[in-house]
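A.B. asks: Following this message is one structure expressed as structure tokens.
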Amino acid sequence: MAREIERKFLLTNEQWRSDVSSTSHLAQGYLTTLSAGARASVRVRIATDSAYLNIKSMTLGMARDEFEYPIPLADAAHMLAQLCS
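Heads up, the sequence shown is in the working numbering, so the first residue is 123 and it goes up one at a time.
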């Protein structure tokens, strides 16, 4: 288990674009939880040729629990198409 610390930055202009050295294509979706009292979010993400299932606690604040597991690419593609919102 990892502990994630959220960091957000506000950019004031487009100068950062000249420093980009590579890009990656990402596709992601969230598995919907039916419970209003859900305590975690579940995300499926495909990054180029890898896929991951990510679970994050819904704890408010800067830090929260995070779990991430590699999953088969075909499974992730199916989940994104059929199960994710």
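Ideal Cβ placement from N, Cα and C applies to all residues, glycine included.
Are three or more beta carbon pairs between the stretch 154-165 and the stretch 126-146 nearer than 8 Å?
C.D. replies: No: the two stretches stay apart, fewer than three of their Cβ pairs being nearer than 8 Å.
A.B. asks: Report the partner residues of residue 192 according to the DSSP bridge assignment.
C.D. replies: Numbered from 1 along the sequence shown, position 70 holds the residue referred to as residue 192. Looking at the DSSP assignment, residue 192 forms a beta bridge with 174.
A.B. asks: Is the CB-CB distance between residue 198 and residue 177 below 8 Å?
C.D. replies: The residue given as residue 198 occupies position 76 in the sequence shown. The residue given as residue 177 occupies position 55 in the sequence shown. For residue 198 and residue 177, no; Cβs fall outside 8 Å.
A.B. asks: Along the beta strand (DSSP E) that carries residue 183, what are the first and last residues, could you check?
C.D. replies: Your numbering for residue 183 matches position 61 in the sequence shown. Unbroken run through residue 183: none, as it is neither H nor E.
A.B. asks: Taking the beta carbon of residue 196 as the centre, do at least 16 other beta carbons fall within 10 Å, making it buried, or is it exposed?
C.D. replies: Residue numbering aside, residue 196 sits at position 74 when the sequence shown is read from its first letter. Result: exposed.
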